[in-house]
Amino acid sequence: MKLEKNKVRVRFKLNGEDVDMEVGAGETALEVLRDRCGLKGPKEGCGIGECGACTIVADGKAVNACLMLGPRLDGCVVQTVEGISKPDDRLSPLQQAFLDHHAVQCGFCTPGLLMSAQALFGENSHPARRDIVRAISGNLCRCTGYGHIVEAIEDAAQRMSKEGT
Amino acid sequence: MRGDFAYARPDSLDEAVAFLKAEGDSTVVLAGGTDVLVDLRSGDIRPAFVLDVSRLPELKGIASTNGEIRIGAGVTIQEIQAAGILRRFAPALQKATYGFASRQIRNVATIGGNVAHCSPCGDTVPPLLIHEARVVLKSAAGERTLPIEAISAGPYKSALPPDEMIVCFLLKPRAGVFADFQKIGRRKQLAIARASMAVMAEQDEKDRVSFVRVALGACTPTPSRLEAVEQFLEGKALNESVLWQAGRMVVEKMIDITGFRPSYVYKEKAVQGLFMRMLSPMVNHAT
């Protein structure tokens, strides 16, 4: 049994790199990623799992980092928006498609949307439009009206299957 | 986040219940965490310990055993959605997953947590009611089994003692029946149900109802199976007028259980409409 009072040791993989650190028992994964790891991509919008701005991919699944207790990062493979660009810092096809389709306005929801789309591609490389809409329906965007976002994800899926990535 | 608690992660179910025996009064059990984290953040709960049971293998898995379907308490809503065995034997439960919160929440939220949270609007409860689910509970003293109706003592109030946890649910399977779950919410995703309903029904060769189950959620302090409505429908051929009368009974039952509430001006019509809409495919089938 793991029982730890104030600090909990966690070891996890973050954007491909091993992390070994202590987190507070009451810290959320979002606080750990933003405040300890310095990754400001995941955003706190509502803090109660309704807006999806904090979406990360943990063990291949899109999750709300604000609803994940920090100690639960232990043993996970975690990807944030910082981890989806290509090794040479070029944008991924998904990110490029968001730019090309004007799917970004204020940008606050964008990292979360990218991560929901990323998780979708992980389980389905040829998603239909309805799969896309379902996959991002836990991500609120108050600017775009979603049309451009859905088009960007559709286009990214096509580009990726062409590139074979 | 607020919260000055210690984090405990047991390696086995026995360890978990031993911990609850010692510290159950000041412990909150964490499964998916999608309700617990919200309550920790708001300060509604201030536990000394958080017991993380999300990795216990004993709480996992969906299987058919001894003519029943066993669903582990730690099975996620997304796992229920993906399970072929439930598509076949508990289709209303599976339908309930499609409107459940959002994909991010379905990925981690568990059926055990949804039931243990005792929200009147828990989407998995009406489907569990129509499958006459039994709940296997474990404490350091041993195991016992209760009907699903006995878990909640009212809105957000568990009837379970603090040293006990839910291990799994045992459902009566029902294949090849008409089954549906619907809810009325303010939007499609992430909507808290204003009213929800699960139904299962079968007709004989003369189109009379030979089997029917109806459960109502979100309108009563705990979701309720409506056996009076089932008895009324049993043996009847379904037509508009029978459905209207049965729908009226659903509403009367709701008011019986809860007393009249201001929202019922709306809910009376909404619940009756929901019931009739859900069972109308059976009328079409008869004609």
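As they're listed, the protein sequences go chains A and B. 219 is the number of the first residue of the first sequence in this note's numbering; add one for each residue after it. 6 is the number of the first residue of the second sequence in this note's numbering; add one for each residue after it. Cβ atoms here follow ideal geometry from the backbone N, Cα and C, with glycine treated the same way.
For residue i, go through chain B and note every residue whose CB falls closer than 7 Å to its CB, in chain order.
i	result
E268 (chain A)	L195
Would you please verify whether the beta carbon of residue i is less than 8 Å from any beta carbon of chain A?
i	result
V22 (chain B)	no
D16 (chain B)	yes
R199 (chain B)	no
S124 (chain B)	no
R93 (chain B)	no
R46 (chain B)	yes
L368 (chain B)	Given a span of 6 to 292 for chain B in the structure shown, any question on residue 368 (chain B) remains unanswerable.
Using 8 Å as the limit for Cβ to Cβ distance, is residue i near chain B?
i	result
A353 (chain A)	yes
G259 (chain A)	no
E222 (chain A)	yes
V295 (chain A)	no
T362 (chain A)	no
G356 (chain A)	yes
T298 (chain A)	no
M378 (chain A)	no
Residues of chain A with CB closer than 8 Å to the CB of residue i, please, in chain order.
i	result
G38 (chain B)	L285, M286, L287, R290
N112 (chain B)	K279, A280, V281
V43 (chain B)	I266, G267, L285
R149 (chain B)	The contacting residues do not exist; R149 (chain B) stays about 24 Å from chain A at best.
R191 (chain B)	The premise fails here: R191 (chain B) is roughly 12 Å from chain A at the closest Cβ pair, so nothing lies under 8 Å.
Report the neighbours of residue i on chain A: residues whose CB is nearer than 7 Å to its CB, in chain order.
i	result
F10 (chain B)	A243, G244
A251 (chain B)	Ordered by position in chain A, no residue passes the 7 Å Cβ test against A251 (chain B), which lies about 33 Å from the chain.
Following a CB-centred definition, is residue i positioned closer than 7 Å to any heavy atom of the ligand NAP?
i	result
L18 (chain B)	As for the ligand NAP, it is missing from this structure, which has no ligand bound.
Starting from the beta carbon of residue i, find every residue of chain B whose beta carbon is closer than 8 Å, and list them in chain order.
i	result
S334 (chain A)	R108, Q109
M219 (chain A)	A13, R14, P15, D16, E20, F24
V226 (chain A)	Y12
T328 (chain A)	The contacting residues do not exist; T328 (chain A) stays about 16 Å from chain B at best.
Listing by chain order, which chain B residues have their CB less than 9 Å from the CB of residue i?
i	result
N342 (chain A)	The premise fails here: N342 (chain A) is roughly 12 Å from chain B at the closest Cβ pair, so nothing lies under 9 Å.
Exercise for review: Could I get the ranges of all uninterrupted beta strand (DSSP E) runs contained in the segment 263-317 of chain A, with 3 residues as the minimum, in chain order?
Suggested key: 273-276, 279-282, 295-297
Check your understanding: Are the segment 228-245 of chain A and the segment 23-40 of chain B touching, with three or more C-beta to C-beta distances below 8 Å?
Key -> no
**Study point:** the segment 279-288 of chain A in contact with the segment 200-217 of chain B per 3-pair CB rule at 8 Å
**Key:** no
Review point. What residues in the segment 55-75 of chain B bring their beta carbon closer than 9 Å to a beta carbon of chain A?
Key: V55, D57, S59, R60
Exercise for review: Within the segment 152-191 of chain B, note down every full beta strand (DSSP E) run reaching 3 residues or more, in order along the chain.
Suggested key: 157-159, 170-176, 183-189
**Study point:** Those runs of the alpha helix (DSSP H) which lie wholly inside the segment 87-163 of chain B and span at least 4 residues
**Key:** 89-94, 96-103, 108-111, 116-121, 130-135
Exercise for review: Determine contact between the segment 131-139 of chain B and the segment 288-300 of chain A, defined as no fewer than three beta-carbon pairs at a distance below 8 Å.
Suggested key: no
Review point. Of all the alpha helix (DSSP H) runs that stay within the bounds of the segment 328-360 of chain A, which reach a length of 4 or more residues?
Key: 328-341, 347-353
Practice item. Identify every run of the beta strand (DSSP E) within the segment 15-97 of chain B, keeping only runs that are complete inside it and at least 3 residues long; order them along the chain. Key: 32-35, 54-57, 67-70, 73-77
Check your understanding: On the three-pair Cβ rule with 8 Å, is the segment 31-46 of chain B touching the segment 116-133 of chain B?
Key -> yes
Review point. At which residue ranges does the segment 230-291 of chain B contain complete alpha helix (DSSP H) runs of 4 or more residues, listed in the order of the chain?
Key: 232-238, 245-263, 269-291
**Study point:** Segment contact flag, the segment 249-268 of chain A with the segment 322-336 of chain A, C-beta cutoff 8 Å, min 3 pairs
**Key:** yes
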